[in-house]
Amino acid sequence: MRSRSPSPGAVGQPNQVQEAYSRARKNPFFDGLLRAEDGTPSPPIDLQASLGSRNISRTMSDIGNTHTRNAHDSLTDIGNNPFLQPFERSKIGKTASFAFTDVQSLFSFDPNEPIEANEKPPTVNGLTSPTSAKSFRVNRRKENLSTVSLPQSAASFYNGDSPEFEIVASCPSINKLNSFLKATKDEVNAGVPGRFLHVVMAQDGPDVGSIASTITYAFYLNEARKSDQICTVPVINMKRLDIRSQAELKWLLDSCQIDQSSLIFVDEIDLSYYDLFGSLKVVLLNGNKLPAKQEALKQAVVEIFNCKEGESVYPWVKTITIAEKQDSSCCTLVAEKFALISPEILAGQGFSRLLLAAILLDSANLCSPQCSLKDKYMATLLIHGSGRFGCNGLYQLLRYKMYDVSDLKVADILRKDFKKWTRVGKPDSAGSRMMASQIGMSSIGVPIAQLLDHEDTSVREIKYFQYMEKIRLLMIVSGYYDSKKNFKREILVSAESVELMKNLLFFFNASASQLPLKAIHQPGLGEEMQAFEIDKVTSRKTIERLLEEFGGTSKG
Numbered sequence: 230m231r232s233r234s235p236s237p238g239a240v241g242q243p244n245q246v247q248e249a250y251s252r253a254r255k256n257p258f259f260d261g262l263l264r265a266e267d268g269t270p271s272p273p274i275d276l277q278a279s280l281g282s283r284n285i286s287r288t289m290s291d292i293g294n295t296h297t298r299n300a301h302d303s304l305t306d307i308g309n310n311p312f313l314q315p316f317e318r319s320k321i322g323k324t325a326s327f328a329f330t331d332v333q334s335l336f337s338f339d340p341n342e343p344i345e346a347n348e349k350p351p352t353v354n355g356l357t358s359p360t361s362a363k364s365f366r367v368n369r370r371k372e373n374l375s376t377v378s379l380p381q382s383a384a385s386f387y388n389g390d391s392p393e394f395e396i397v398a399s400c401p402s403i404n405k406l407n408s409f410l411k412a413t414k415d416e417v418n419a420g421v422p423g424r425f426l427h428v429v430m431a432q433d434g435p436d437v438g439s440i441a442s443t444i445t446y447a448f449y450l451n452e453a454r455k456s457d458q459i460c461t462v463p464v465i466n467m468k469r470l471d472i473r474s475q476a477e478l479k480w481l482l483d484s485c486q487i488d489q490s491s492l493i494f495v496d497e498i499d500l501s502y503y504d505l506f507g508s509l510k511v512v513l514l515n516g517n518k519l520p521a522k523q524e525a526l527k528q529a530v531v532e533i534f535n536c537k538e539g540e541s542v543y544p545w546v547k548t549i550t551i552a553e554k555q556d557s558s559c560c561t562l563v564a565e566k567f568a569l570i571s572p573e574i575l576a577g578q579g580f581s582r583l584l585l586a587a588i589l590l591d592s593a594n595l596c597s598p599q600c601s602l603k604d605k606y607m608a609t610l611l612i613h614g615s616g617r618f619g620c621n622g623l624y625q626l627l628r629y630k631m632y633d634v635s636d637l638k639v640a641d642i643l644r645k646d647f648k649k650w651t652r653v654g655k656p657d658s659a660g661s662r663m664m665a666s667q668i669g670m671s672s673i674g675v676p677i678a679q680l681l682d683h684e685d686t687s688v689r690e691i692k693y694f695q696y697m698e699k700i701r702l703l704m705i706v707s708g709y710y711d712s713k714k715n716f717k718r719e720i721l722v723s724a725e726s727v728e729l730m731k732n733l734l735f736f737f738n739a740s741a742s743q744l745p746l747k748a749i750h751q752p753g754l755g756e757e758m759q760a761f762e763i764d765k766v767t768s769r770k771t772i773e774r775l776l777e778e779f780g781g782t783s784k785g
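Using my numbering, the first residue of the sequence shown is number 230, and each one after it goes up by one.
Written out as structure tokens, the structure is:
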């Protein structure tokens, strides 16, 4: 293999065997170009002299290439360039390997003081380019990503998987979204005088897809259906306190630069007040009916967005959008609507990341059998939002955040995926009243032993969580993979009384074929709390169904 000598401006060229370059054969076509008609070599053309004093206007591409040429010329003097010193060249045969040091250590600024820089729109012949200005900030990265299984990329090769600093660019789309959120919250705080309250909210599952679609679809309605008589407000159908247990959601909102203080959660607004005076209109996402606790507001529903085909809906609702597939992402439909009326909104990295993250999680990184072609198309359209690690890296990062409980309290871990229900049991011995049994189930992704070791007071925190949620029986269902990649299912049961625990164990013994249990010895639990390992692969749906059966028969 022959190689040419590196040019003076080459950076980090490997030490290769230098050989004289010789052309294997002469091409008569090029040879003819270099000779005059009489056969003598043609003299070089003096382009400057031929142009004389004529003034030739430059195109936009020439102007843009000027920056590239200047940057190349500035690299020709590499002797005193500190950023090129980390490259150490070593020769192994005719290949080269590079050893990199930490380039970030060469920065002389204080990392605790963020650096701000503004990029002004370029000017051409005195006219300002239509491109909007951007501002940049250099921040110290808060989280350590070295333990995340991220795919290989050029960014990680040069700067590591978890760089100490990150450059954050402003996003005009997010700035516009934040202005909308702040204006709507101010309007709600003022009581929405003289206008209808147009509430957009999803089902009460606190997942990324529901929250992202609630925010973005409300923003779309505000942009597409501007009206002085309607105040469109996204309402997150969860308590603000619960967001602390959703690490992936909190990270995503921070990463997209969304102003969380301007968001409205369901515990911060009294929707029944507006419904009482007839000024409430509800747009329901990701479902055909409101949750049971909000069923009283059903007459206010005017639109259903992204419901499944064949589901029964409220008969008076005229505006219905049906998903292409049964489990297609709601954010795919939202992104499609923005692409039709205002595609420039999707160009912002923060805004596109919010939609892309929801699509990736809803479709299992576009690998789910329910993933539609439209999901894949919109994910490609929004790929700018994936950032330095690409779509696969963004998905792996979000999945890591979903199961990362290192920064959470025990109560936040239990609240992360928690549901409770009430079942009326049989009458007591006197037959005078029915027994109501409040049961709760929390799903976690770590072993029970790790949960109990998470804090010194983990057992006490579990009992306090049970007391605050007002449940008589708490079932903590653990699902994880061990070191041998085998799936394990464990449960931790916390009962209000010893009698209730005995009744539950008796019920489990009767259902041993469906739920074979093996006791796990954990010191310090007491008689009202016990841990078990399930001997066969059992779904959470099976455990939930058994708990419902127990709730309907329990007398404890």
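All C-beta atoms in this analysis are idealised placements derived from N, C-alpha and C, irrespective of residue type, glycine included.
- With the rule of 3 Cβ pairs closer than 8 Å, the segment 579-588 counts as touching the segment 606-620.
- By the neighbour-count criterion, in which 16 or more other beta carbons inside 10 Å mark a residue as buried, K648 falls on the exposed side.
- At least 8 Å separates the beta-carbon of A525 from that of S557.
- Judged by DSSP secondary structure, R582 falls within the alpha helix (DSSP H) whose first and last residues are 578-591.
- Between the segment 412-425 and the segment 456-466 there are three or more C-beta pairs closer than 8 Å, enough to call the two in contact.
- In the DSSP assignment, R718 falls within the beta strand (DSSP E) that extends over 716-724.
- V639 has its alpha-carbon roughly 30 Å from the corresponding atom of R582.
- In the DSSP assignment, V511 falls within the beta strand (DSSP E) that extends over 509-514.
- Inclusion of L478 and I472 in the CB contact set at 8 Å is warranted, their separation being smaller than that value.
- Within 10 angstroms of the beta-carbon of H427 lie 16 or more other beta-carbons, which makes it buried.
- Counting only the Cα atoms, F365 lies some 25 Å from N621.
- At least 8 Å separates the beta-carbon of E573 from that of K603.
- Following the DSSP letters along the chain, one finds P463 inside the beta strand (DSSP E) bounded by residues 459-465.
- Contact between T413 and A431 is absent: CB atoms are separated by about 17 Å, not below the 8 Å threshold.
- Secondary structure at K547: coil, using DSSP grouped into helix, strand and coil.
- Every unbroken stretch of the alpha helix (DSSP H) spanning 4 or more residues and falling wholly within the segment 403-481 is given here in chain order: 437-453.
- As a beta-bridge residue in DSSP terms, Y710 pairs with F716.
- The residue from N451, T609, G434, W545 with its alpha-carbon nearest to that of F494 is G434.
- Here K713 is exposed. Its C-beta has fewer than 16 other C-beta atoms within 10 Å.
- For F737, the three-state secondary structure derived from DSSP is helix.
- Taking all protein chains shown into account, Q578 has 16 or more neighbouring C-beta atoms within 10 Å of its C-beta and is therefore buried.
- When Cβ pairs closer than 8 Å are counted between the two stretches, the segment 702-721 is seen to touch the segment 750-765, the count reaching three or more.
- At a Cβ-Cβ threshold of 8 Å, L626 and F618 count as neighbours.
- Under the three-state reduction of DSSP, Q486 is assigned to coil, being neither helix nor strand.
- In this chain, I570 is not harboured by any beta strand (DSSP E); it is covered by the alpha helix (DSSP H) spanning 559-570.
- Taking C-beta separations shorter than 7 Å and ignoring five residues to either side along the sequence, the partners of D496 in its chain run K468, R469, following chain order.
- L505 sits away from V530, with the two beta carbons spaced by 8 Å or more.
- The Cβ atoms of Y543 and K522 do not sit closer than 8 Å to each other.
- Here the alpha carbon of I642 sits roughly 43 Å from the alpha carbon of D457.
- Relative to the Cα of L519, the nearest Cα in the group E532, S508, W650 belongs to E532.
- Residue nearest to A552 within the set W545, I749, E540 is E540 (criterion: CA-CA distance).
- Closest option to D483, judged by alpha-carbon separation, among K547, C400, V417, Y449: C400.
- Around E690, the same chain offers K638, V639, A640, E684 as residues with beta carbons nearer than 8 Å, after the five sequence neighbours per side are excluded.
- In this structure the segment 669-689 lies against the segment 704-712, because at least three pairs of beta carbons, one per stretch, are closer than 8 Å.
- In the structure shown, S491 adopts helical secondary structure according to DSSP, grouped into three states.
- Within the model, the alpha-carbon separation for D633 versus E416 is close to 37 Å.
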